[in-house]
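Asks: In the order they appear, the protein sequences are chains A and B. Residue numbers are given in the numbering used here: position 114 of the first sequence equals residue 108, and the series is strictly consecutive. Residue numbers are given in the numbering used here: position 10 of the second sequence equals residue 0, and the series is strictly consecutive. Here's a structure for you.
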Amino acid sequence: MNIFRLAADMTHLISILVLLLKIHATRSCRGISLKTQDLYALVFLFRYLDLFTRYISLYNTVMKLVFLGTSFSIIYFMRFHRVVRNTYDKEQDTFRSIFIVVPCAVLALLINQERSVLEILWTFSIYLEAVAILPQLVLLQRTQNIDNLTGNYVFLLGTYRGLYILNWIYRYLTEPHYRQWIVWLSGVLQTGLYVDFFYYYFLAWRNNQKLSLP
Amino acid sequence: EQAVRAHDEL
Chain A
-5 MNIFRLAADM THLISILVLL LKIHATRSCR GISLKTQDLY ALVFLFRYLD
45 LFTRYISLYN TVMKLVFLGT SFSIIYFMRF HRVVRNTYDK EQDTFRSIFI
95 VVPCAVLALL INQERSVLEI LWTFSIYLEA VAILPQLVLL QRTQNIDNLT
145 GNYVFLLGTY RGLYILNWIY RYLTEPHYRQ WIVWLSGVLQ TGLYVDFFYY
195 YFLAWRNNQK LSLP
Chain B
-9 EQAVRAHDEL
């Protein structure tokens, strides 16, 4: 494992901890899209099915369990916690997940590297992760006064995928036969979706203003 | 082997 990959995973982990911190500290999930959280849970669920079939490393297993556990606990808080669930902006969180789930499923069936159930579900999770942030970005655009923790959560999520690109470049240069164009294209698209957000995030930071998306 | 390589990432 290289430094970029470790930094990427840690950034991903920190982003989730920031979201959990927001929920615990403010007893609110205002500005957080439940649709995006549902999609991430689906992504982790399908991608980590190999927990039962393939052992890679202790680090790998522990991280997978942590990502699964935290994503489902976030959903639990947003749906069922008696205080937190009342702060969910249901009326604003209107993105139709079906419009990204179905195309990703079709794409995974058509374009994959191996015709097996596990591999197709894994490929589906790669495609779905690339676009799972869309409901969150739409909700942010509709949210007035995005709080710091929510802004930082999305910023860390974007940074995580950006760091993965550096990891892929590093692996491409150092490992023979490392050719992962499905993952690369999806990852570049995923990072690209954050470009607009990054622009306004840095603008707000530079001008010492509260973040808001036009 | 290629599939295994992709699967070692999170």
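The C-beta atom is built at its ideal place from N, Cα and C for all residues, glycine as well. Just so you know, these numbers come straight off a predicted model, no measurement behind them.
Any C-beta of chain B sitting closer than 9 Å to the C-beta of A:S9?
Replies: Not flagged as an interface residue toward chain B: A:S9, since no C-beta distance is shorter than 9 Å.
Asks: Give me, in chain order, the residues of the same chain whose beta-carbon lies closer than 7 Å to that of A:Y121; leave out the 5 immediate sequence neighbours on both sides.
Replies: Result list for A:Y121: C98, L101, A102, S180, in chain order.
Asks: For A:F146, I'd like the list of residues in its chain whose CB is within less than 6 Å of its CB, leaving aside the five on either flank, ordered along the chain.
Replies: The residue you asked about is not Phe; residue 146 of chain A is Asn in the sequence shown. Around A:N146: V12.
Asks: Using a Cβ-Cβ distance under 9 Å, would A:V177 count as near chain B?
Replies: yes
Asks: Report yes if the C-beta of A:F40 is less than 8 Å from at least one heavy atom of the ligand GTP; otherwise report no.
Replies: No copy of the ligand GTP occurs in the structure displayed, which carries no ligand at all.
Asks: Using 9 Å as the limit for Cβ to Cβ distance, is A:A199 near chain B?
Replies: Note on identity: in this sequence residue 199 of chain A is Trp, with Ala being the wrong assignment. For A:W199, the answer is no, since every Cβ of chain B falls outside 9 Å of its Cβ.
Asks: Can at least three beta-carbon pairs, one atom from the region 128 to 135 of chain A and one from the region 35 to 48 of chain A, be found at a separation below 8 Å?
Replies: Cβ pair count under 8 Å is below three, so no.
Asks: Return the residue from the list A:P129, A:I159, A:S119, A:Y42 that minimises the CA-CA distance to A:T30.
Replies: A:P129
Asks: Suppose you measure from the CA of A:V111 to the CA of A:L43; what does that come to, to the nearest Å?
Replies: 10 Å
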